[in-house]
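Chemist:
Chains as they are written, first to last, in my numbering: chain A, 1 to 196; chain B, 197 to 652.
(1) Output the boundary residues of the beta strand (DSSP E) element that contains residue 543/B.
(2) For residue 638/B, which residues in chain A fall below 9 angstroms Cβ to Cβ?
(3) Within this structure, are the beta carbons of residue 571/B and residue 424/B separated by less than 9 angstroms?
(4) What is the residue span of the beta strand (DSSP E) that residue 71/A lies within?
(5) Measure the alpha-carbon distance for residue 514/B versus residue 385/B and round it to whole angstroms.
(6) Please confirm if the stretch 403–416 of chain B is in contact with the stretch 452–467 of chain B, defined as three or more CB-CB distances below 8 angstroms between the two stretches.
(7) Do residue 57/A and residue 493/B come within 9 angstroms of each other at the CB atom, strictly closer than that value?
(8) Helix, strand or coil for residue 130/A? Go by DSSP, reduced to three states.
(9) Are the Cβ atoms of residue 606/B and residue 445/B separated by less than 9 angstroms?
(10) Considering just the uninterrupted stretch of the alpha helix (DSSP H) at residue 315/B, what are its terminal residues?
(11) Anything in the stretch 476–506 of chain B with a Cβ closer than 7 angstroms to a Cβ of chain A? List those residues in chain order, please.
(12) Between the alpha carbons of residue 106/A and residue 19/A, how many angstroms are there, rounded?
(13) Quick check on this structure: which residue in 255/B, 318/B, 602/B has the alpha carbon closest to the alpha carbon of residue 284/B?
(14) According to a CB-to-CB cut-off of less than 8 angstroms, which residues of the stretch 106–134 of chain A neighbour chain B?
(15) I'd like to know whether the C-beta atoms of residue 541/B and residue 438/B end up nearer to each other than 9 angstroms.
(16) Residues of chain A with CB closer than 8 angstroms to the CB of residue 324/B, please, in chain order.
(17) In whole angstroms, what is the alpha-carbon distance linking residue 215/B and residue 509/B?
(18) Could you tell me which of 368/B, 257/B, 226/B sits nearest to residue 575/B, measuring between CA atoms?
(19) If residue 502/B sits next to residue 537/B, beta carbons under 8 angstroms apart, how far is it from one beta carbon to the other, in whole angstroms?
(20) Indicate whether at least one CB of chain B lies closer than 9 angstroms to the CB of residue 11/A.
(21) With DSSP run on the structure shown, which of helix, strand or coil describes residue 485/B?
(22) Here's the rule: buried if 16 or more other CB atoms are within 10 angstroms of the residue's CB, otherwise exposed. What is residue 173/A?
(23) Between which two residues does the beta strand (DSSP E) holding residue 460/B run?
(24) So residue 46/A is in the alpha helix (DSSP H); what residue range does that whole segment cover?
(25) Under three-state DSSP, which class holds residue 650/B?
(26) Less than 7 angstroms between C-beta atoms, sequence neighbours within five positions excluded: which residues of the same chain meet that for residue 210/A?
(27) Exposed or buried, what is residue 623/B when buried is set at 16 or more other beta-carbons lying within 10 Å of its beta-carbon?
(28) Within 10 angstroms of the Cβ of residue 59/A, are there 16 or more other Cβ atoms? Answer buried if so, exposed if not.
(29) Per DSSP, which residues does residue 672/B bridge with? Please list them.
(30) Given that residue 316/B touches chain A, what residues does it touch there, using C-beta distances under 9 angstroms?
(31) DSSP on residue 412/B, reduced to helix/strand/coil?
(32) At a cut of 8 angstroms, does the stretch 222–242 of chain B reach the stretch 364–384 of chain B through at least three beta carbon pairs?
(33) Residues of chain B with CB under 8 angstroms from residue 75/A, in chain order?
(34) What are the start and end residues of the alpha helix (DSSP H) that includes residue 228/B?
(35) What is the DSSP secondary structure of residue 125/A, counted as helix, strand or coil?
(36) Consider the Cβ of residue 185/A: report whether some Cβ of chain B lies at a distance smaller than 9 angstroms.
If you want it as structure tokens, here you go:
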């Protein structure tokens with residue numbers, strides 16, 4: 001009864017995860033419970049199927065792309081650290097993150113650059129570091145379904161790539177992507193606040 | 197050696213006496229009231245005592261947590277994350293506005309930043325979504341001395357542990373055997389009673405006997421689970437030729453409703469004990485049992501139900517349109533089958549009080565036997581049943597709209613959240629129509645409607 005605690009001690013490697021992602025103890029505990037709730041068969045990891053079962057995600061036009069982002073490098077399972085690592089991109093930026101910027105430490109996962117990189121990844125289907133016109137077309141198709149004709153979509157894709165492309169290689173690199181969104185309040189638009 | 201003998205017989209005598217006393221008590225306080233449908237109020241008293249103990253236990257725990265400076269983890273009933281209820285259009289416009297300094301006219305176009313919206317929405321659902329929450333047991337805010345609901349509470353004090361230990365002893369060694377004995381009695385009486393009634397010639401006497409045999413046995417089962425039920429608005433109870441529709445949390449729902457009214461059951465034919473019970477019941481009065489193969493054929497099902505309903509001498513049908521067990525915090529989409537038949541629908545809302553025992557059957561987690569054992573080792577099952585006024589399908593609404601109307605009424609009465617999602621979501625993927633709607637909305641933003649297109 002009382003001696004079984006759901007303290008952070010129950011989460012394996014809690015400290016290193018906390019350091020890497022910057023989540024508070026309480027937030028991490030909530031996410032851990034969420035992970036366990038999604039892992040219906042108690043396997044200890046999540047598969048694509050588990051994430052596909054989330055109804056509200058299945059109706060998101062980019063649902064599949066988002067699910068893919070949890071399985072980098074062709075893996076088929078994501079464990080809790082991996083799960084939290086992706087979610088950490090959406091942690092709101094607090095002042096303490098920008099103050100203690102130790103040049104030796106790796107950039108926090110929820111930095112502006114990393115948030116933009118996450119969005120970039122959703123476009124970059126083959127993970128080659130560039131969004132080609134073809135990839136742009138495919139992602140656009142996901143977002144609009146059958147509502148838009150091929151011709152219209154091609155126009156949009158062409159225009160977008162042209163506007164963002166600076167070195168003229170016909171694709172949008174991460175730097176170009178960042179530049180075209182430099183005025184965007186990325187920190188606010190790509191953040192999800194976890195309630196206490 | 198010799199000295200043991202007198203003690204031996206003493207023990208045997210004591211055992212014999214206590215068993216007799218137990219059985220007499222059982223008979224007098226439980227079975228006889230069940231037959232006549234009266235109550236001594238013992239269960240209500242039990243409930244009040246338990247509540248006082250739980251309140252003390254929670255207070256003790258909160259105090260203990262404060263002393264040790266631990267943060268007592270309060271379960272989040274309102275969600276993990278902060279969400280803004282804005283529409284797709286508004287949010288994407290917001291995003292675009294914050295990104296460009298040029299004045300935003302309403303010409304439809306695409307921006308790279310549009311993806312942020314879908315990205316964030318998707319991530320939000322991964323962190324917290326309405327449906328997955330509905331399918332795991334509701335989280336309690338105070339502890340009811342059952343270790344199975346104790347996710348977050350740590351060791352606090354000796355007194356509490358002793359109390360918990362005492363609770364375990366009482367539940368497993370006293371209540372459980374008692375309940376199993378009662379359940380056994382109830383079920384055997386049902387099977388025997390209905391078989392006997394089956395031999396009577398058809399007529400008013402047979403109906404009378406059948407009704408009372410059914411009611412008596414269900415009441416015994418109710419006591420076997422120590423279910424404390426409060427019925428509201430009993431004047432709206434379902435009548436012959438109608439369909440009784442209720443939200444579904446566990447198989448116990450059937451026992452709860454059937455102990456207060458005489459219904460015709462609908463279901464699949466099972467093997468084993470359930471099969472025996474089903475065959476016996478159908479001898480006394482017509483229930484609607486389907487073979488496994490027939491269940492798939494919707495037209496056949498609808499036809500049989502319609503036939504039953506049109507015969508005014510037959511009993512009201514009891515149906516659970518959600519199709520699966522939900523965790524009693526919300527009502528999911530009702531399947532339209534029962535609403536197409538055209539009979540009067542009598543909605544019933546059932547709400548369990550989770551403080552005494554969680555009645556939700558998570559069929560992917562527990563089998564039936566495990567579930568029943570869990571029920572029988574809880575403190576009690578406390579629930580409220582509301583009989584809502586009858587509803588009929590209006591001329592201008594189709595089955596789906598009617599189903600939704602009934603569902604809203606039930607959700608409102610029971611204080612449950614009315615969700616659009618299909619209960620089948622638990623096991624299947626969602627339909628594509630919802631995704632299409634999102635895509636339509638977004639397309640409008642980047643290419644406009646067909647009329648705008650010709651202008652540009």
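Ideal placement from N, C-alpha and C gives every residue a C-beta, glycine not left out.
Modeler: On the basis of the data shown:
(1) 540–549
(2) The contact set of residue 638/B on chain A, defined by CB atoms closer than 9 angstroms, consists of 61, 143, 144, 145, 147 in chain order.
(3) One thing to note: residue 571/B has its Cβ no nearer than 9 angstroms to the Cβ of residue 424/B.
(4) Segment: none, residue 71/A is in no beta strand (DSSP E) and carries neither H nor E.
(5) Residue 385/B has its alpha-carbon roughly 22 angstroms from the corresponding atom of residue 514/B.
(6) Under the three-pair Cβ rule at 8 angstroms, the stretch 403–416 of chain B counts as touching the stretch 452–467 of chain B.
(7) no
(8) The answer is strand: DSSP assigns residue 130/A an E or B state.
(9) no
(10) 311–323 is the extent of the alpha helix (DSSP H) around residue 315/B.
(11) none
(12) Residue 106/A and residue 19/A: Cα-Cα distance of roughly 11 angstroms.
(13) 318/B
(14) So the close ones are 118, 119, 122, 123.
(15) Taking 9 angstroms as the Cβ cut-off, residue 541/B and residue 438/B qualify as a contacting pair.
(16) The answer, in chain order, is 34.
(17) 45 angstroms
(18) 368/B
(19) 5 angstroms
(20) no
(21) strand
(22) buried
(23) 460–464
(24) For residue 46/A, there is no enclosing alpha helix (DSSP H), as DSSP marks it with neither H nor E.
(25) Summary for residue 650/B: the model assigns pLDDT 41, below 50, so the residue's position carries little reliability, and this model does not support an answer.
(26) This structure cannot settle anything about residue 210/A, because the visible part of chain A is limited to 1 through 196.
(27) Because the pLDDT at residue 623/B is just 44, under 50, the model does not fix this residue reliably, and the value given afterwards should be weighed accordingly. The residue in question, residue 623/B, is exposed, as its Cβ has fewer than 16 Cβ neighbours within 10 Å.
(28) buried
(29) Given that chain B is displayed from residue 197 to residue 652, the structure contains no residue 672/B and the question cannot be resolved.
(30) 90, 189, 190, 191, 192
(31) helix
(32) yes
(33) Within chain B, no residue comes near residue 75/A; the closest Cβ sits about 17 angstroms away, beyond 8 angstroms.
(34) 228–232
(35) coil
(36) It does: the Cβ of residue 185/A has a partner Cβ on chain B nearer than 9 angstroms.
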